[in-house]
């Protein structure tokens, strides 16, 4: 199972770094916001009520604050208290109020009375936890929780990191590592588990087919009301390097 205390500690120590990354990743942000707004538009046409959003693993509030600016009722949660403290200041400086700011491990969201309400949210964002959970059973449990918290006609938007995104990054920055640590990377390609520096941070990277498999398993587990609507890439082939070229 994943030692999420290591993950939380890393983000506690790097809250500003992560916020700056989110603020400067213009391609990822623009594509993600376009998809979110498409969902919001569909929700707005089917109901005149305020739209309720849960941003689970939402870090320093990059998306939560922007969605609050649009007039939506937003709850933000993250494993890192330092990031949530930063998010509270970010929201205040931006002139918006987040309905709730709650520290929680996404794996244990069902134990949190503030966050876990069945059929409560029109939109659930889960764009951070999935790629830090090493075991499939953990990813399935979090995705199932998100589905249960969403209204029957609502949306769940979740993010994954692919194996090829990491390999592309290493090929750009440190290609010799792929040769020098070939045994580790052979295992990595098989499992998707990036545990090269387990005392620093761990992550899980996935294949596109495995994403479809997660949703198939949820349906087989009895969540017949969920379907995978679409898969969207949020980076160009060169990743961050392409954004640096644009700058």
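Numbering (UniProt numbering), first residue to last: 1 to 247.
Each residue gets a CB set at the ideal place from its N, CA and C atoms; glycine is no exception.
Residue i burial status per 10 Å Cβ neighbour count (16 or more: buried)
| i | result |
| --- | --- |
| residue 163 | buried |
| residue 42 | exposed |
| residue 153 | exposed |
| residue 139 | buried |
| residue 145 | buried |
| residue 222 | exposed |
| residue 189 | exposed |
| residue 216 | exposed |
| residue 208 | exposed |
| residue 106 | buried |
| residue 129 | buried |
| residue 179 | exposed |
| residue 39 | buried |
| residue 253 | One cannot answer for residue 253 here, as it falls past the ends of the chain, which runs 1 to 247. |
Contacts around residue i, its chain only, beta-carbon distance under 7 Å, and the 5 residues preceding and following it disregarded
| i | result |
| --- | --- |
| residue 65 | 90, 91, 94, 96 |
6 Å CB neighbourhood of residue i in its chain, flanking five on each side removed
| i | result |
| --- | --- |
| residue 31 | 234 |
| residue 72 | 51, 53 |
| residue 161 | 131, 205 |
| residue 12 | 80, 82 |
| residue 124 | 54, 146, 149, 150, 156 |
| residue 119 | 151 |
Reference residue i, options the options, closest by Cα
| i | options | result |
| --- | --- | --- |
| residue 159 | 177, 188, 126 | 126 |
| residue 49 | 121, 105, 79 | 121 |
| residue 77 | 67, 175, 115 | 115 |
| residue 98 | 104, 111, 84, 74 | 74 |
| residue 67 | 88, 104, 37, 219 | 37 |
| residue 101 | 192, 56, 134 | 56 |
| residue 33 | 219, 69, 177, 200 | 69 |
| residue 230 | 220, 218, 212 | 212 |
| residue 58 | 35, 88, 44 | 88 |
As assigned by DSSP and simplified to three states, the class of residue i
| i | result |
| --- | --- |
| residue 169 | helix |
| residue 209 | helix |
| residue 156 | strand |
| residue 162 | strand |
| residue 23 | helix |
| residue 32 | helix |
| residue 49 | coil |
Close beta carbons around residue i, own chain, < 8 Å, minus the five adjacent residues each side
| i | result |
| --- | --- |
| residue 86 | 15, 16, 19, 60, 61 |
| residue 214 | 136, 139, 140, 143 |
(request) Report the residue ranges of all beta strand (DSSP E) runs contained in full by the UniProt domain "Methyltransferase" (53-154); include only those spanning at least 3 residues, in chain order. (result) 73-78, 100-103, 121-126
(message) For a minimum of 4 consecutive residues, which ranges assigned as the alpha helix (DSSP H) are wholly contained in the region 178-236?
(response) 182-191, 208-220
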